[in-house]
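So the sequences go chain by chain: A and B. Per the working numbering, residue 22 is the first one in the first sequence, and the count goes up by one each step. Per the working numbering, residue 22 is the first one in the second sequence, and the count goes up by one each step. Ideal Cβ positions, reconstructed from N, Cα and C, are used throughout, including at glycine.
There are 2 protein chains.
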Amino acid sequence: MKRQVYFVSDRTGITIEALGHSLLSQFKDLKFEFTTLRYVDSLNKIENLCQTIDGYEGEERPLIFSTLVDGQLRAKLGRVNAHVFDLMGEFLTPLEEILNTQASLALGHTHGPGSDKHYAHRMDAVNYALLNDDGLTTRHLDRADIILIGPSRSGKTPTCLYLAMQYGVYAANYPLVEEDFELMRLPGVLAKRRDQLFGLSITAERLQQIREVRRPDSEYASIKQCQYEVNQIGILYRENRISTCDVTQRSVEEIATRILPHLHLL
Amino acid sequence: MKRQVYFVSDRTGITIEALGHSLLSQFKDLKFEFTTLRYVDSLNKIENLCQTIDGYEGEERPLIFSTLVDGQLRAKLGRVNAHVFDLMGEFLTPLEEILNTQASLALGHTHGPGSDKHYAHRMDAVNYALLNDDGLTTRHLDRADIILIGPSRSGKTPTCLYLAMQYGVYAANYPLVEEDFELMRLPGVLAKRRDQLFGLSITAERLQQIREVRRPDSEYASIKQCQYEVNQIGILYRENRISTCDVTQRSVEEIATRILPHLHLL
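Take a look at the structure:
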């Protein structure tokens, strides 16, 4: 039997989904079934939800994680036959005391363009990442906060996109090619921007795995080629004192957040 | 005086940053200064942090939002001279009781590739979105979960990327061009995939604003051209019964989460 879990938000629900998954990942042996209810912003919607949950006939009551802001909706949800974790109720009251200020209880717009001064900048950074992907053009490299380098398929592109979308970082990426490995030097366009460079490292075995999915049985995906590239690029990184992050076991989110502290140093 | 706010995580910190910003957005009149400390996973790191915070000389004590999992680190942070909101402490204990199971207290990997069964799929979806951006190719449209249409600069590309990165949705987008507006019909490649189409709507005024930044004083950015396109596309949407979302006041995160429910209907 899977335990029913509801994420309830009056906005996108992105935050409460992330928090709920994080908390429940601490109970690996249990099985959960997740439902996210977004834009629950009227009494009508909350009444429908309460009816569904009260009518649930499983033995174990559902878990509800909520970030509803409106007091009336929260009160209504609080009376449902389930275990309710009301994030706003839990934290806003102590915050009001500490900050000696009443919460506005206006709908949160964490992901809204209006409240997000940063928004236009984030979108511009996404366009920048797309334009400066894979060395497509080098005309705008001077605007880059960071230039990712690494073997083909080490995750440069999605990492750039995530840095742009989430943090508004202007991230370009540049592919090193056979010739760079043979000459064992950085291409000129990178050599003069050494301070912006950041290198992605990966084991040859993992690189082979990823490339094999892309181009099965190719020279490109052979362990020999992967070992050669990984080895040469490692030397390039060391000789040019380039900061690196090992991406072998890391997600794009992890790689991006590992890179962030370097942006202040670069 | 800005109130100091620390987000402390043993992993990426993405979740606690989002929750903290959401809570504090309820206190719009106050000023905060945010610092995120990621990968705080040793006693050494937590001791350094505590020293910094205990040494803070401002009148108002800092706020700390933490998702640390390790009990020893949490206990140490709990004794610092600040207002500590310990998400794990707050929720894991009641969850353990409800679920009748001990939390593993292993480092969370909400954004790790290992624990994220979904991860390879998300990355594949990002590649798909890049390959099927702006009608670059139509060879893979059959694999699309959704095909976004809308005027140029209405946000199709970043929305596709967000749907892919966050939710593993295979999202393509296709630009309607002058000819489509003149003939007032969907291009053939879309007409036969009507069930996967989703339309982005926007006001002519907002569209003009965005295009003006891109190509100042152009015909493309003129209010006349924007009005014409917005009008024609609205008729196309209605005549073809295409679901739509008004993006005028919405962020990419909002647009994406508004589209999600339609994926089950498409």
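query, result
"Helix, strand or coil at residue 194/A according to DSSP, with G and I counted as helix", "strand"
"Closer than 8 Å to chain B by CB, residue 122/A", "yes"
"Where residue 210/A falls, given that 16 or more other Cβ within 10 Å makes a residue buried", "exposed"
"Contact belief for residue 280/A with residue 197/A at Cβ below 8 Å, rounded distance in angstroms", "Between residue 197/A and residue 280/A the Cβ distance is about 18 Å, and since that is not below 8 Å, they are no contact."
"Own chain residues within Cβ distance below 6 Å of residue 96/B, not counting five before or after", "none"
"Cβ of residue 29/A within 8 Å of any chain B Cβ", "no"
"Residues near residue 191/A by beta carbon distance below 6 Å, same chain, minus five either side", "146, 149, 164, 165 and 166"
"Cβ neighbours of residue 242/A in the same chain (closer than 8 Å, five flanking residues each side left out)", "229, 232, 233, 235 and 236"
"Length-filtered (4 minimum) alpha helix (DSSP H) runs lying within the segment 76-134 of chain B", "92-99 and 108-120"
"Beta-bridge pairing of residue 222/B - partner residues as DSSP gives them", "267/B"
"Sequence-distant residues of the same chain with beta carbon closer than 8 Å to residue 59/B, five excluded per side", "30, 32, 33 and 34"
"Residue 210/A: first and last residue of the uninterrupted alpha helix (DSSP H) it sits in", "209-212"
"Partner residues on chain A for residue 104/B, Cβ-Cβ distance less than 9 Å", "115, 116 and 119"
"Simplified DSSP state of residue 203/A, which is helix, strand or coil", "helix"
"Where residue 22/B falls, given that 16 or more other Cβ within 10 Å makes a residue buried", "exposed"
"Per DSSP, the bridge partner or partners of residue 25/B", "54/B"
"Simplified DSSP assignment, three categories, for residue 169/B", "strand"
"Partner residues on chain E for residue 186/A, Cβ-Cβ distance less than 8 Å", "Among the protein chains in the structure shown, which are A and B, there is no chain E."
"Contact with chain A by residue 43/B, beta-carbon distance below 8 Å", "yes"
"Cβ-heavy atom distance, residue 202/A to the ligand ADP, below 7 Å", "Ligands in the displayed structure: none, and consequently the ligand ADP is not present."
"Span of the alpha helix (DSSP H), counted from its first residue to its last, around residue 187/A", "177-188"
"Residues within the segment 60-91 of chain B neighbouring chain A, beta-carbon criterion of under 8 Å", "60, 84, 88 and 90"
"C-beta contact flag for residue 212/A and residue 153/A at 8 Å", "no"
"Reference residue 94/A, options 73/A, 56/A and 62/A, closest by Cα", "62/A"
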